[in-house]
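Residue numbers (the working numbering), protein chains in the order written: chain A, 1 to 282; chain B, 1 to 336; chain C, 1 to 290. Data block below; observations after.
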Amino acid sequence: MRDTRGHTRKPGLRLWLSGGWITVLVLAALLAPWISPHDPLAQDLFAGRMPPFWQAGADPNYLLGTDSLGRDVLSRILHGARLALTVALIAGVLTCLIGATLGLIAGYYGGWADLVISRLVDIWMAFPPVLFAILLIAVLGTGMTSIIIAIVVIDWTRFARVIRAEAMSQSKMDYVASAQVVGRSRLGTALTEILPNVLPTIVALLTLEMGIAVIVEAILSFVNLSISTDAPTWGGMIAEGRTSVHQAWWVLVFPLVALFLTVLSFSQLGEGLKDHFDPVLR
Amino acid sequence: MQILRRMIARLAATAVTLVGVAVIVFVVIRVVPGNPIAMMLPPGATDADIQRLQELYGLDKSIPEQFLIWAGGVLQGDFGTSISLRQPVSELVLGRLPATLELSVMALAIAVVLGGGMALTATLYRGTRVEGAIDVTGGMALSVPDFLWGLVLILLFGVLWPLFHISGRISPSLGFEFQSNFYLWESFVRLRFDVWTDIVAHMFMPALALAIPLAAIISQLLKQSLKETMHLDYVTLARTKGYSETSIITREALPNAILPTLTLVGVQFTFLIGGTVIVERLFSYEGLGNMAIDAVINRDLPLIQGIVILFALIFTVVNLVVDMTYAALNPRLRHA
Amino acid sequence: MSFLSIQDLTVRLRGKAPILRRVSIDVAAGEVRALVGESGAGKSMIGKSVLGTLPQALGITGGRIILDGEDLEQLSPRARRQRIGAKVALIPQDPLTALNPSRRVGPQITNRLVDILGWSRKAAEARALELLAEVHIPDPARVMRAYPHELSGGMRQRILIASAFAAEPKLIIADEPTTALDVTVQKQILRLIAEMQQRHGTALLFVTHDLGVVSKVCQTMSVLYSGMVVEDTNVREFFASPGHPYSAALLAATPKYTDPDGSLTPVPETVIRAVEEEVAAFDREMEGAA
């Protein structure tokens, strides 16, 4: 009984809108090499800072205008989606696997394993996450792999915390005890009885984590520590747009809109899935 | 007695956390491939020069040895010397700390006012469209992190409708001589409201960017908690005494609804402080976070260590303060 | 002229299912009237309708509530609140939840006097001390400074009674004031309410399901079934010869204090069916009129 009367939140609409945007994004990312009007790296110094198509002095070849080096903003956003989603998918899944495993171990086995993992989580919580990520990239060097490792290292605690608590309450349930009475091994019980029950939470968290991965990647490219200075990342475009915001707003606005909608969609999708799966809330 | 024992346990856990943070930072930054000494010397420096400087910064010893030397210094308040800025780390860090503290506290104040206002309004108009609109706004504010809100604010109020400054901490043209680094506080105490206004105009946007997600959390938690409180008998009793809905919410329900919100807000406030790192960068605000990013880019090991430890310390202190406030506000704990 | 006159009051759930069916009840100045019925009969909803504390899903859809010559439903919400605050008070059911846990007892007694009726803080505090002594609370000054959690349930109910009488209201609505208390404390509290009522001459609307309580405290009574008044009588007459079959059955189902071991007869099926029939007929008539 979340709402007793009047307005009800529409999880359906929320799921459709956010899911729709993610689908569009996945298509754009997959088809980027074919649908991009230009090479995202190609510079045209004679066509620098061209405004988007509806403004005076625009070149219809560059629908969303160009940056200071004359690179096509639209093509860079499309290729940027490719990088963002790759990072989101790989980093999200890896973070989830590692964090959820540690959380299950801590919550289900308890004892010293729980003690060590919980202590680690506490220590991790005392780090400013952005600074930690930047530090890791400085150590690991720039590049896609480093970014993914950095996200996994800073964010595994998010899964570990939630899954630990869930696994703990689940392992106290009767059906888990009865599974053990009939002689199932502890590991077997964990996998067959507890995992399926925490799976909805994991799926929802994974979706949220993908949004976070996208934003971490953008922040790292913003401080110039992402893949490479040239690569068409949304964060890199935003960093450039930030410095020239008074001369060429479109260099900032379009990648920002893409990033904003993506982060919002992942988050809303995650929340929506959580409500959808959660029989208590539904 | 019980409270005392709990506090001691908390302090012990805090110490373990801080040592853990120190060890991790220490080890992580020492596997950096690039040699920080080589980076700071002009090209053509001899190996002997590098050797000499490494000895100066103690980088020729083993990592455990370096850690013990560093930890010994820290216990005496010596955090070493910054490699890139060649000043004592403690001096640099304490010089920047006030800027970050002022920004965080201002953000917290904005978040409390905004979130509290949203929760109270939604409670007053519960079951109407107003509540629905506040729920949707809050949900959006929560889904998008401070970094993105900062960019949105830059576009809206820095470019489209330039109400505020979007970079720096104070207009250099003011030429005001500060005696401390608490600019906002000092200008206020010295009654220089022209300077104060200028500082606020610089701080407001980064503070708001940091505040928006926290405001949404405060709003959601407080509203939930108010909703539960509004059904209780003492609220009904107050209603029969002739109080208006507004004063029932603020006088009867709010004091009891704040407590559960408070503990959660404490944790969220540490997240906000963590967010200053990137938001300061975004608004070129000369605080601790901005310095931290430069330190990482310059491989300034002592400075990085100092800043990270300070952040960890702030986080743990905030949590302690929240716990103590909770105990002080709750009459049941106070008289236990 | 009665002080409170409820006429044809109808309350519905979300504008549909009737909770109160054209209830009419009069309470004269100084009268002690019981509202009796099983749980769910709607007796508490009558008090809540007068006080303006109905749950949000419920709404008054018909009838009038006239308090001291004024139709409450015609007043602005603000004026209505103020009239209730000045003339009516509530003794709530559960003393453990009816005091604000984060505030001291004193201000919770004086707040109506100071905030609504404009007394000085000093006068209000003197009045509160006087009343706490009147409800037999030892060391009133200390209790004024205490937090609710430091006091027992019986003490808290005494405080709530003192608080109800503080502003000399003309009418007090007591909503099952002893149900949440221990049996031994129940008797003391009941005696105290009766004593206070007599001393102050306040009219009392006593909501209860306990006929034993009714016989001790009340003069007149209304018996409710399913939101409908089935009998309106005075207490002595009711116990001598109940006028409605349902009333008679209810009386038979109540343990006698004189004969605690005597057999209890549950309300018989036939009586229930007959009274349900009556309710249904009433509903048909109501729909027809609307």
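Even for Gly, the Cβ is constructed at its ideal location relative to N, Cα and C. Keep in mind it's a predicted model, so treat the numbers as computed, not measured.
Cα-Cα separation between residue i and residue j, rounded to whole angstroms
i      : j      : result
C/N100 : B/V235 : 8 Å
A/L220 : B/I110 : 27 Å
A/L256 : B/R239 : 49 Å
C/Q219 : B/G117 : 50 Å
B/L92  : B/P302 : 11 Å
C/K304 : B/I199 : Past the edges of chain C, shown from 1 to 290, lies residue 304 of chain C, and the structure says nothing about it.
C/E277 : C/K187 : 38 Å
C/I65  : B/L156 : 55 Å
A/R5   : B/E245 : Below a pLDDT of 50, predicted positions are generally treated as unreliable, and A/R5, at 37, falls in that range; the measurement from the model is reported next regardless. Each residue's Cα considered, the two are about 19 Å apart.
B/E186 : B/A99  : 12 Å
C/V279 : C/R14  : 20 Å
A/M1   : B/L68  : For A/M1, the predicted model reports a pLDDT of 32, less than 50, meaning its position is unreliable; a value from the coordinates is still stated below. Rounded to the nearest angstrom, the two C-alpha atoms are 57 Å apart.
A/N61  : B/G139 : 39 Å
A/E166 : A/E209 : 18 Å
B/R6   : C/Q157 : 35 Å
C/M144 : C/I91  : 18 Å
A/L252 : B/N330 : 48 Å
B/L59  : B/Q66  : 7 Å
A/H276 : A/I22  : 18 Å
B/H165 : B/A201 : 6 Å
A/L64  : B/V144 : 24 Å
C/L51  : A/G272 : 41 Å
C/A248 : C/S39  : 17 Å
B/F26  : B/G274 : 19 Å
A/T95  : A/T201 : 14 Å
C/K16  : C/G37  : 22 Å
B/G242 : B/F269 : 38 Å
B/E55  : A/G141 : 26 Å
B/S173 : A/F222 : 29 Å
Cβ-Cβ distance between residue i and residue j below 8 Å
i      : j      : result
C/H244 : C/V223 : yes
C/Q93  : C/A180 : yes
C/A164 : C/R104 : no
A/F159 : A/T207 : no
A/I148 : A/I90  : yes
C/V32  : C/L211 : no
B/F176 : B/V195 : yes
C/Y246 : C/V271 : yes
A/I163 : A/A100 : yes
B/R96  : A/A138 : no
B/M205 : B/L160 : no
Chain-ordered neighbours of residue i on chain A, where CB pairs are closer than 8 Å
i      : result
B/I217 : Near B/I217 there are no residues of chain A at all, since even the closest Cβ is about 13 Å away, more than 8 Å.
B/R96  : Simply none; closest approach about 13 Å.
B/I293 : L131, I134 and V223
Where residue i meets chain B, residues with beta-carbon distance less than 9 Å
i      : result
A/W249 : L155, V159 and L160
C/A89  : T240 and K241
Cross-chain neighbours of residue i in chain C, by beta carbon under 7 Å
i      : result
B/L232 : T97
B/P255 : S102
Under 8 Å by beta carbon: chain B residues contacting residue i
i      : result
A/I238 : L151
C/I116 : K241, G242 and Y243
A/D114 : The contacting residues do not exist; A/D114 stays about 15 Å from chain B at best.
C/R112 : K241 and G242
Neighbouring residues, chain B, relative to residue i (Cβ below 7 Å)
i      : result
C/Q56  : G127
A/S267 : S143
C/Q84  : In the sequence as presented, Gln is not what sits at residue 84 of chain C; that position holds Ile. Here the neighbours are T240 and G242.
C/T53  : T236, R239 and T240
Contacts of residue i in chain A (Cβ-Cβ under 9 Å)
i      : result
B/R299 : A138
Within chain A, the residues that residue i reaches when beta carbons sit closer than 7 Å
i      : result
B/F147 : I215 and I219
Does the structure place the stretch 186 to 193 of chain C close enough to the stretch 17 to 30 of chain C that three or more beta carbon pairs sit under 8 Å? no
Where in the stretch 182 to 230 of chain A do unbroken runs of the alpha helix (DSSP H), each at least 4 residues long, occur, reported from the N-terminal end onward? 186 to 189 and 195 to 222
Is there contact here, the stretch 111 to 127 of chain A with the stretch 238 to 253 of chain A, by at least three beta-carbon pairs under 8 Å? no
Using 8 Å as the threshold, is the stretch 317 to 328 of chain B in touch with the stretch 290 to 305 of chain B, meaning 3 or more CB pairs across them? no
Whole runs of the beta strand (DSSP E) within the stretch 37 to 69 of chain C, excluding any shorter than 3 residues: 58 to 67
Closer than 8 Å is the cut-off here; do at least three beta carbon pairs connect the stretch 209 to 229 of chain B with the stretch 58 to 78 of chain C? no
Under 8 Å, with one C-beta from each stretch per pair, do the stretch 263 to 281 of chain B and the stretch 121 to 138 of chain B reach the 3-pair mark? no
In chain order, which continuous runs of the beta strand (DSSP E) of length 3 or greater are located wholly inside the stretch 72 to 123 of chain A? none
Check whether the stretch 129 to 141 of chain C touches the stretch 274 to 284 of chain B, taking contact to mean three or more Cβ pairs, one atom from each stretch, closer than 8 Å. no
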